[in-house]
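Student: Can you read through this structure? Questions will come right after.
Residue numbers (our numbering), protein chains in the order written: chain S, 1411 to 1979; chain B, 3 to 152.
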């Protein structure tokens, strides 16, 4: 394929790709997300390939390995187009029947479609399943339709039209103004307006500037960025190139996980394909704009997702944060202005350029615009990747999409933001999903990991668990974080072992206060969040542990339900 | 690991700023762990003081400074797995292998690590053996699975 050197050529190529696709031809989309692969989707895929060979249907049926469809709980997921029939929990043994009945015979197999556990109602099509129906899937919705390793699939879905629009119809200032007007807020956890960050980097002195995709996603319980980036890498890349154009950067970095080979491969392939088509490299689409991207790997420490630590890591140094009186958007990698945004933030950009800031600002709440990806996990019936407009009540996510709590248990709390976030009790379930509303209640949204907790989980142990994680992930540079977390962990561990004493809670609060004030970076400053929020809403559980030596959730092994520490068995 | 393959890795990255971490990762990918001699060679050829090489190699948990077992067991103790019973999975594996997280048994059969999130929280509790993931792990099934490794 030759380089594309103008918008006209891009549109011609798109037309050419679309003309080669027969609209009525059946094709089968397999979820290649990590959840479905773990559940054995690879065997399902080979079974399909073999059955199609056996029946000599190669020319008549298309097969496509796609990114994560979202409904991980019921994987392996297979969707048959053009009707969009969705089969869940598919096994290799189901394959011949699916080919004969659905692909060829156009009939739905009742046993493989979603059945509502409460009403018994069946939903044969993807868009009818409550889990999908109740979402607004602007970012992740293309995943079932795109092979992440095919740039043609992305182009067929209208890809890179926003880039063409930005480069040829808009000045960098106009792109920036559009992002500011859309009030796109950073999805990585801070919720800082992306437009302001871009502007700072753009106006910072110096010729050489960088843009970076933060695809570190180290927060336990967060898997939505991986699903989006693995499933639709070009969407993130397009956003990054547009951002680079607005900021005036010619070099980009993607910082991602080393432990996910599939993600790495998809990114590498996407970069190579974009380069081949002239969407990356010198003179992009003939516009005169040059931009290149390099991939760097995180190698396993949580703090390297922090902006200044991440930049040290790209320089080949230990990822230690620095104080931020000078922002990284002014002085970042090699002291050059470096604009860092999270995967999801970049993925929003093409949509805003294409549809306009007015459209985008119409979605969400007054101060939180657009949709948000959520990793829904824990004790909820339908786990998976969820996308909803900001402002959606948490209740809708847990019950409308998540299908409630399994095994007849009761909802106890919803935890946001992993180890740096907080828990909200069941009584606050009507709170909207909104950066500010959640932060005000002490449970900042973070990157969007939403953990549903039922009555079997001990909140004291949960706070201890998060501190244990952070104790191992702190870089150790500043004392308040290194020592504060360690001491809080010590006390909490003692409490969960039935050795809590009067005054422990006050001491914990004091330690939490100091760590929160004095730590160098966001990791230390937000480390006390889980403890503080669980203490605020579940103080009775702490008191039961300390005063009665009792764990109300029956979770702490060393404590019994009725009170008193167990003797050594 | 022979000198030539280390040389090749270093030559490919040499001159690029920030190449130290990439070089160490590639060596570990090939050799499973980082022997002292390899670190010394990296220091010499990249012209980075050995103290800095060691600082990086000891800071990141991913880098191994002792030989690894033939089979690597990773148990996810991330939040979602934690609330779904990761501790039971960890207890079972510790009992069966006789090693704790961070250890390798004397026969170099298994190395055990806990990890913080494998990204398939929906399947928790999760463990990974030699890169293969097992979801909704039950103690009895784990015992059967571990018997298959030599």
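The C-beta atom is built at its ideal place from N, Cα and C for all residues, glycine as well. Everything numeric in this text was worked out from a predicted model, so none of it was measured.
Against chain B, with Cβ distances strictly below 7 Å, would residue 1427 of chain S count as a contact?
Tutor: Start at 1 with the first residue of the first chain, and residue 1427 of chain S comes out as number 17. Closer than 7 Å: no.
Student: Do residue 1683 of chain S and residue 1508 of chain S have their C-beta atoms closer together than 7 Å?
Tutor: Stepping through the first chain from its first residue, residue 1683 of chain S is reached at position 273. Stepping through the first chain from its first residue, residue 1508 of chain S is reached at position 98. Taking 7 Å as the Cβ cut-off, residue 1683 of chain S and residue 1508 of chain S do not qualify as a contacting pair.
Student: With 16 as the cutoff for other CB atoms within 10 Å, does residue 1988 of chain S come out buried or exposed?
Tutor: Chain S is shown only over 1411 to 1979; residue 1988 of chain S falls outside these bounds and no answer can be derived.
Student: Nearest-angstrom Cα distance between residue 1601 of chain S and residue 1859 of chain S?
Tutor: By 1-based counting over the first chain, the position of residue 1601 of chain S is 191. By 1-based counting over the first chain, the position of residue 1859 of chain S is 449. Cα to Cα, residue 1601 of chain S sits roughly 14 Å from residue 1859 of chain S.
Student: Nearest CA to the CA of residue 1665 of chain S: which residue from B/16, B/24, B/12 and B/13?
Tutor: Here residue 1665 of chain S refers to the residue found at position 255 of the first chain. Ranking the options by Cα distance to residue 1665 of chain S, first place goes to B/24.
Student: Can you check whether the C-beta of residue 1444 of chain S is within less than 7 Å of a C-beta belonging to chain B?
Tutor: Sequence index remark: in the first chain, residue 1444 of chain S carries index 34 (1-based). Closer than 7 Å to some Cβ of chain B, the Cβ of residue 1444 of chain S qualifies, so yes.
Student: If we call anything under 7 Å between Cβ atoms a contact, is residue 1629 of chain S one with residue 1570 of chain S?
Tutor: The sequence position of residue 1629 of chain S within the first chain is 219, counting from 1. The sequence position of residue 1570 of chain S within the first chain is 160, counting from 1. Not closer than 7 Å, so no.
Student: Answer yes or no: does any C-beta atom of chain S fall closer than 7 Å to that of residue 75 of chain B?
Tutor: By 1-based counting over the second chain, the position of residue 75 of chain B is 73. No, its Cβ sits nowhere closer than 7 Å to a Cβ of chain S.
Student: Can you give the Cα-Cα distance for residue 2001 of chain S and residue 1482 of chain S, rounded to whole angstroms?
Tutor: Outside the shown range of chain S, which is 1411 to 1979, sits residue 2001 of chain S, and nothing can be said about it.
Student: Return the CA-CA distance between residue 1668 of chain S and residue 1789 of chain S, expressed in angstroms with no decimal places.
Tutor: Working through the first chain from its first residue, we reach residue 1668 of chain S at position 258. Working through the first chain from its first residue, we reach residue 1789 of chain S at position 379. Spanning the two alpha carbons is a distance of roughly 29 Å.
Student: Are the C-beta of residue 1977 of chain S and some C-beta of chain B separated by less than 7 Å?
Tutor: On the first chain, position 567 is the one that residue 1977 of chain S refers to. Residue placement at residue 1977 of chain S is flagged as unreliable, the pLDDT there being 48, under the threshold of 50; the coordinate-derived value follows with that caveat. So no, residue 1977 of chain S is outside the interface.
Student: Do the CB positions of residue 1700 of chain S and residue 1660 of chain S come within less than 7 Å of each other?
Tutor: Start at 1 with the first residue of the first chain, and residue 1700 of chain S comes out as number 290. Start at 1 with the first residue of the first chain, and residue 1660 of chain S comes out as number 250. Cβ distance < 7 Å, so residue 1700 of chain S and residue 1660 of chain S count as in contact.
Student: If I follow the unbroken alpha helix (DSSP H) through residue 1954 of chain S, where does it start and stop?
Tutor: Counting from one through the first chain, the residue named residue 1954 of chain S turns up at place 544. 1949 to 1957 is the extent of the alpha helix (DSSP H) around residue 1954 of chain S.
Student: Is it buried or exposed for residue 1504 of chain S, if we count other Cβ within 10 angstroms and need 16 for buried?
Tutor: By one-based count along the first chain, residue 1504 of chain S stands at place 94. Its Cβ being crowded by 16 or more others within 10 Å, residue 1504 of chain S is buried.
Student: Any C-beta of chain B sitting closer than 7 Å to the C-beta of residue 1636 of chain S?
Tutor: Locating residue 1636 of chain S in the first chain gives position 226, where the first residue counts as 1. Yes, residue 1636 of chain S lies at the interface with chain B (some Cβ there is under 7 Å from its Cβ).
Student: Run through chain S and tell me which residues come within less than 8 Å of residue 57 of chain B, C-beta to C-beta.
Tutor: Along the second chain, read from residue 1 onward, the residue named residue 57 of chain B stands at position 55. Simply 1728.
Student: Would you check if there are 3 or more beta carbon pairs closer than 8 Å linking the stretch 45 to 65 of chain B to the stretch 1764 to 1774 of chain S?
Tutor: Output reads no: the stretch 1764 to 1774 of chain S does not touch the stretch 45 to 65 of chain B.
Student: From the DSSP output, in three-state form, read off residue 1494 of chain S for me.
Tutor: Looking up residue 1494 of chain S in the first chain gives position 84. The answer is coil: DSSP assigns residue 1494 of chain S none of H, G, I, E or B.
Student: Going by DSSP in three states, residue 1355 of chain S sits in which element: helix, strand or coil?
Tutor: The structure shown does not extend to residue 1355 of chain S, since chain S spans only 1411 to 1979, so no value can be given for it.
Student: Let me know the alpha helix (DSSP H) ranges lying completely inside the stretch 1751 to 1775 of chain S, each 4 residues or longer, listed in chain order.
Tutor: Segments of the alpha helix (DSSP H) lying fully in the stretch 1751 to 1775 of chain S: 1753 to 1765 and 1767 to 1771.
Student: When DSSP builds the beta bridges, which residues end up paired with residue 2000 of chain S?
Tutor: For chain S, the structure presents residues 1411 to 1979; residue 2000 of chain S sits outside this window and is missing.
Student: Any residues in the stretch 22 to 42 of chain B with a beta carbon nearer than 8 Å to a beta carbon of chain S? Which ones, in chain order?
Tutor: Going along the stretch 22 to 42 of chain B in chain order, one finds 22, 23, 24 and 27 with a Cβ nearer than 8 Å to chain S.
Student: Output, in chain order, the set of chain B residues within a Cβ distance shorter than 9 Å of residue 1670 of chain S.
Tutor: Walking along the first chain from the start, residue 1670 of chain S turns up at place 260. Going along chain B in sequence order, the residues near residue 1670 of chain S (Cβ under 9 Å) are 120 and 121.
Student: Cβ-heavy atom distance between residue 1855 of chain S and the ligand NAP below 6 Å?
Tutor: Annotation note on the ligand NAP: not contained in the displayed structure, which lists no ligands.
Student: Less than 7 Å between the beta carbons of residue 1749 of chain S and residue 1607 of chain S, yes or no?
Tutor: Here residue 1749 of chain S corresponds to residue number 339 of the first chain, with the count starting at 1. Here residue 1607 of chain S corresponds to residue number 197 of the first chain, with the count starting at 1. In this structure, residue 1607 of chain S lies closer than 7 Å to residue 1749 of chain S by Cβ.
Student: Starting from residue 1501 of chain S, find everything on chain B with Cβ-Cβ shorter than 8 Å and list it in chain order.
Tutor: Residue 1501 of chain S sits at position 91 when you count from the first residue of the first chain. None at all; the shortest Cβ gap to chain B is about 15 Å.
Student: Against chain B, does residue 1861 of chain S count as a neighbour if the rule is that its beta carbon must be under 7 Å from one of theirs?
Tutor: Numbered from 1 along the first chain, position 451 holds the residue referred to as residue 1861 of chain S. Cβ-Cβ to chain B under 7 Å: yes for residue 1861 of chain S.
Student: What residues match up with residue 1708 of chain S in a beta bridge as DSSP calls it?
Tutor: To locate residue 1708 of chain S, count along the first chain from 1; it is residue 298. Its beta-bridge partners are S/1667.
Student: Please name the residue in S/1473, S/1522 and S/1537 whose C-alpha comes closest to that of residue 1493 of chain S.
Tutor: Along the first chain, read from residue 1 onward, the residue named residue 1493 of chain S stands at position 83. Taking only the C-alpha atoms, the option nearest residue 1493 of chain S is S/1537.
Student: Which residues in the same chain have their Cβ closer than 8 Å to the Cβ of residue 1415 of chain S, if we skip the five residues on either side of it in sequence?
Tutor: Here residue 1415 of chain S refers to the residue found at position 5 when the first chain is read from its first residue. Excluding sequence neighbours, residue 1415 of chain S sits near 1688, 1693, 1695 and 1696.
Student: Whole angstroms are fine: how far does the CA of residue 1500 of chain S sit from the CA of residue 1515 of chain S?
Tutor: The count along the first chain starts at 1 and reaches residue 1515 of chain S at position 105. The count along the first chain starts at 1 and reaches residue 1500 of chain S at position 90. Computed Cα separation, rounded: 18 Å.
Student: Classify residue 1978 of chain S as helix, strand or coil using the three-state DSSP reduction.
Tutor: On the first chain, residue 1978 of chain S is found 568 positions in, with the first residue counted as 1. Unreliable positioning characterises residue 1978 of chain S in this predicted model, as indicated by a pLDDT of 44, which lies under 50. A coordinate reading is not provided.
Student: Does any residue of chain S bring its CB to less than 7 Å from the CB of residue 112 of chain B?
Tutor: As a working mapping, residue 112 of chain B is identified with position 110 in the second chain. Judged by the 7 Å Cβ criterion, residue 112 of chain B is not in contact with chain S.
Student: Rounded to whole angstroms, what's the CA-CA distance from residue 1419 of chain S to residue 113 of chain B? Just pull it up for me.
Tutor: On the first chain, residue 1419 of chain S is found 9 positions in, with the first residue counted as 1. On the second chain, residue 113 of chain B is found 111 positions in, with the first residue counted as 1. About 54 Å.
Student: So which residues on chain B does residue 1801 of chain S lean against when the C-beta distance must stay under 7 Å?
Tutor: As a working note, residue 1801 of chain S is residue 391 in the first chain. Those within 7 Å of residue 1801 of chain S in chain B number zero; the least Cβ separation is about 25 Å.
Student: Going along the chain, which residues of its own chain have a beta-carbon closer than 7 Å to the beta-carbon of residue 125 of chain B, five neighbours each way excluded?
Tutor: Taking the second chain and counting its residues from 1, one reaches residue 125 of chain B at position 123. If we look at residue 125 of chain B and ignore the five residues flanking it on each side, its Cβ neighbours are 137 and 138.
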